[in-house]
Amino acid sequence: MKKSLLFRSTLKHLGANSLTTLFMCVGIMIGVAVLVAVIALGRGTEARILDRIDRVGVTDSFTIRTVPWGLGGGGLRDDHGELLLSFDEVNSLPDQIPGIATVLPTLNARSPVLAGSETLDDIAVQGVALNFQQVRNLNLYSGAFFSEADIQSGSHIAVIGPALANYFFPGENPLGKLIQVEGLQLEVIGVLDTRGISNSGRNADQIVLVPHDVFVELFQPLGLSTVTVTVEDPANLEKLAAQTQSYFEELYPGHQIFVRYPMATARARDEVANTLSFYLKIIAGSSLLIGGTVMMNLTNLSISGRIREIGLRKALGARNKDISGQVLVETAMVSMIAGIAGILLGYLLTNELAVRLDLRSIFSWHAPVAGLFFALLIGLVFGVRPAKRAAKLDPVLALRGSQQK
Amino acid sequence: MLYLNQVEKVYSNGSNRIEALQEISLKISPHTFLAIQGKSGSGKTTLLNILGCLDRPGSGAYQIDGEDTSLKSDNGLAALRNKKFGFVFQSFNLMPRFNALENVIIPFLYSSNPPGRPKEAAQQMLEKVGLGDRTKHLPGELSGGQQQRVAIARALVNNPDVILADEPTGALDNQTSQEILDILAELNSEGKTVIIVTHEKDIAKQCPYVLTLSDGRAIDLKQPGNGNLSNGEVAVL
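First to last, the protein sequences are chains L and H.
All residue numbers for the first sequence refer to the numbering used here, where the first residue is 4 and numbers rise by one.
All residue numbers for the second sequence refer to the numbering used here, where the first residue is 320 and numbers rise by one.
Rendered as structure tokens:
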């Protein structure tokens, strides 16, 4: 009985002063809305980063290059006049720097590929080592990856991307078929799963993988410009990457060595989301604080308008804590109303931001729970002062409608 | 039994000292019907507020049924106001957005043992003051006399021993004033102690006991007759 009457009387009061209530709500509502957006966009971004890392496949590897990303890097002497690392230097890296598990020389070329009467120009051809599939987290659609025996025997074999398989051998089983690169016939022994567009914007499904030695036979590279290095303990990734970088920079004075970790790349690409989230957090925090302050002052004002009522309640037996409790119920109720409105507004805001800025958002129970929690927290924290003030009113003076002697 | 011993109350307003009550010693036994009269500023309301535990004496002692109120905490006084006293005011002091029934229920909010069926208890009280058919009306929809009757029902709902009324008829016309006074007299005859503050001689002279205050002092206690209305007793000590 007590509680329902208390809640109903508070609702009546708030409803009768709806404009004041609205002003009380606005700040907290905006704060909660932005908070919901921060959480939803933050979780979306995190999921997108994890997704990318998953596709790139590795969190315990880094890649070093002698040219910046976006330029050459295939290991062939070309127009860039790039520095080429010798195979011996690269292969001895695990002996030179403890903590490095394996090195994965990457040999890239772009070349026309033929099959039957069809030709595709400018297809990525990569020379790979035995552990390439595992390190890059590649799945096969059909067939098999290169075995150790395949690689040692120097067989002319290839694993091709699904886009090539569909183009050259539509409706047929590509396994065992022949393709031709640089005048050499290669037997298709496997087809990769679809990967779509890679981070660098190329179609990752238009690719020919050949064993390392076959690539050397095809393109006669003079050295390596790109090497992927895996480490034994991912915790040491950054340290080992820096060591490797300075190792090569000492070996080739005057040249710059570039280092990149997949995770860092994936994160850096979401800088927009990170920056946005940073500013949104500031907005959410300050909106909540401003909203709380506004609510506190309006509650103070509304108490001043209800001094006789408070005096009466005291005359009828209300204790100080009954009065302060009533004020806190009021601020809590306002903040909960503001919180619920803020959550709804937050969903709209999130969708709008996600569409406009091409971000991903994930809604879960976290956002509304956090929104209501912070709204309630603000309501109670900023309700304490008005509540104390109301409770301390002298009943005799309050009944007369005045606050001070 | 309400017992005041050498009660004083001084308000200081900047450099001004207002001696609202001086050397008041008073014994009010149960079932008394007492009117306190005096000019404006004579200390009537201050005395009533101290009797009702809304205010504490500045010095002197106030005992209720043998218990010294100065030993009570603020919460203890609030509990006394809730249980022992019922207040009636000149301006009714009803909650404008609550209907009559809801106004009468309010004291239960602060009661340590409210009745199991508060609405029925409140309904009964409204019937007792003749407003059984107005329970859903808002104060604004009731006449002044009806509003004061709602206030009396509210004062009675926790079954207090003492009804304290500060100018209960001050805002009402003569006929309605008489009706309110009759209700109070009836309550007294049922055993309640009734103490009213009034400046209206017509009202005061109908009361069994009339205490006159002047400049904060009790200068006179009369029994204008009509003594059979009250079983109680008042003594200025």
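Idealized CB from N, CA, C, for every residue including glycine.
Please read these numbers as outputs of a predicted model, since none were measured by experiment.
**Request:** Say whether the region 365-373 of chain L touches the region 297-311 of chain L, bearing in mind that this needs 3 or more beta-carbon pairs closer than 8 Å, one atom from each stretch.
**Result:** Counting Cβ pairs under 8 Å, fewer than three are found: no touch.
**Test item: CB-CB of G34/L and G382/L under 8 Å** = No.
**Prompt:** So who's on the other strand from Q382/H, going by DSSP bridges?
**Reply:** Q382/H is bridged to Y322/H and D387/H.
**Request:** Just the C-alpha distance for G510/H and N478/H, rounded to the nearest angstrom, thanks.
**Result:** Going from the Cα of G510/H to the Cα of N478/H covers about 11 Å.
**Prompt:** In its own chain, which residues sit with a C-beta less than 6 Å from the C-beta of L17/L, not counting the 5 before and 5 after it?
**Reply:** Excluding sequence neighbours, L17/L sits near T24.
**Prompt:** If we ignore side chains and look at the alpha-carbon of each, how far apart do M320/H and R468/H end up?
**Reply:** If I take the Cα positions, the gap works out to 26 Å.
**Prompt:** Which chain H residues are close to V337/L, counting only those with a beta carbon under 7 Å from its beta carbon?
**Reply:** Listed by position along chain H, the residues whose Cβ is nearer than 7 Å to that of V337/L form an empty set, because the closest Cβ is around 17 Å away.
**Prompt:** Looking at the C-beta of V399/L, does it have a partner C-beta in chain H at a distance below 8 Å?
**Reply:** So, interface residue.
**Request:** Please report how far the alpha carbon of K328/H lies from the alpha carbon of S289/L, in whole angstroms.
**Result:** Using only the alpha carbons, I get a separation of about 50 Å.
**Endpoints, the beta strand (DSSP E) within which N335/H is located** = Judged by DSSP secondary structure, N335/H falls within the beta strand (DSSP E) whose first and last residues are N335 to I347.
**Request:** Indicate the three-state DSSP secondary structure (helix, strand or coil) for E175/L in the structure shown.
**Result:** Residue state for E175/L is assigned as coil, using DSSP reduced to three classes.
**Request:** Look up L301/L in the DSSP assignment and give the residues it is bridged to.
**Result:** None, per the DSSP bridge assignment.
**Message:** For a cutoff of 8 Å on Cβ pairs, would you count I424/H as touching chain L?
**Reply:** It does: the Cβ of I424/H has a partner Cβ on chain L nearer than 8 Å.
**Prompt:** Residues of chain H with CB under 9 Å from D325/L, in chain order?
**Reply:** Close partners of D325/L in chain H (Cβ separation under 9 Å): A397, L428 and Y429.
**Item:** Integer Cβ distance of V555/H from A470/H, believed to fall under 8 Å
**Value:** Rounded to whole angstroms, the Cβ separation of V555/H and A470/H is 29 Å, and the two are not in contact under 8 Å.
**Residue closest to G296/L, alpha-carbon to alpha-carbon, out of A378/L, P101/L and G349/L** = In the sequence as displayed, the identity of residue 296/L is Thr instead of Gly. Comparing Cα-Cα distances from T296/L to each of A378/L, P101/L and G349/L, the minimum goes to A378/L.
**Request:** Sort out for me which residues DSSP pairs I326/L with in a bridge.
**Result:** Beta-bridge partners assigned by DSSP to I326/L: none are found.
**Prompt:** Between E252/L and the rest of its own chain, which residues show a CB-CB distance below 8 Å, the 5 nearest in sequence each way excluded?
**Reply:** So the list reads H258, Q259 and I260, once near-sequence residues are dropped.
**Message:** With a threshold of 8 Å, are at least 3 pairs of Cβ atoms found where one atom belongs to the region 445-458 of chain H and the other to the region 303-322 of chain L?
**Reply:** No contact exists between the region 445-458 of chain H and the region 303-322 of chain L.
**Request:** Determine which residues share a DSSP beta bridge with F148/L and list them.
**Result:** Residue pairing by DSSP leaves F148/L without any beta bridge partner.
**Item:** Nonlocal neighbours in the same chain, by C-beta distance under 8 Å from S274/H, ignoring five residues either side
**Value:** Because chain H in this structure spans residues 320 to 556, residue 274/H falls outside the shown range and cannot be described.
**Message:** Rounded to the nearest angstrom, what separates A390/L and S307/L at their Cα positions?
**Reply:** Taking C-alpha positions only, A390/L is separated from S307/L by approximately 12 Å.
**Request:** Alpha carbon to alpha carbon, how far is G371/H from R400/H? Give it in angstroms, no decimals.
**Result:** C-alpha separation (whole angstroms): 7 Å.
**Prompt:** In whole angstroms, what separates the C-alpha of E446/H from that of I31/L?
**Reply:** C-alpha separation (whole angstroms): 46 Å.
**Message:** Tell me the DSSP secondary structure of I100/L in three-state form.
**Reply:** Correct three-state label for I100/L: coil.
**Inter-residue Cα distance where the pair is A441/H and T517/H** = Approximately 28 Å between the Cα atoms of the pair.
**Where I522/H falls: helix, strand or coil (DSSP)** = Helix.
**Asked** Going along the region 292-323 of chain L in order, which residues come within less than 9 Å of chain H, judged by CB to CB distance?
**Response** Taking 9 Å as the upper bound on Cβ-Cβ separation, chain H lies near residues R311, E312, G314, L315, R316, K317, A318, L319, G320, A321, R322 and N323 of the region 292-323 of chain L.
**Item:** Same chain only: Cβ atoms within 8 Å of L87/L, ignoring 5 sequence neighbours per side
**Value:** Cβ within range, chain order: T69, G78, R80, P224, L225, G226, L227 and S228.
**Item:** Close Cβ partners of N368/H (< 8 Å) along its chain, the five nearest in sequence each way excluded
**Value:** Within the same chain, N368/H has close Cβ partners D374.
**Message:** Considering Cα atoms alone, identify which of A19/L, L187/L and A36/L is closest to Y350/L.
**Reply:** Residue A36/L is the option with its Cα nearest to Y350/L.
**Asked** In this structure, does DSSP put D82/L in helix, strand or coil?
**Response** Its pLDDT being 48, under 50, D82/L is placed unreliably in this model, and the value from its coordinates should be taken loosely. Assigned with DSSP and collapsed to three states, D82/L falls in coil, not helix or strand.
**Asked** With burial defined as no fewer than 16 other Cβ atoms inside 10 Å of the residue's Cβ, what is the status of M12/L: buried or exposed?
**Response** In the sequence as presented, Met is not what sits at residue 12/L; that position holds Ser. Buried: at least 16 other Cβ atoms inside 10 Å.
**Request:** Out of V39/L, F26/L, L44/L and S21/L, point me to the one whose CA is closest to V358/L's CA.
**Result:** Measuring from the Cα of V358/L, the nearest candidate turns out to be L44/L.
**Request:** In angstroms with no decimal places, state the Cα-to-Cα distance between T66/L and L279/L.
**Result:** T66/L and L279/L: Cα-Cα distance of roughly 29 Å.
**Prompt:** Do P214/L and V194/L come within 8 Å of each other at the CB atom, strictly closer than that value?
**Reply:** Not in contact: V194/L and P214/L (Cβ atoms no closer than 8 Å).
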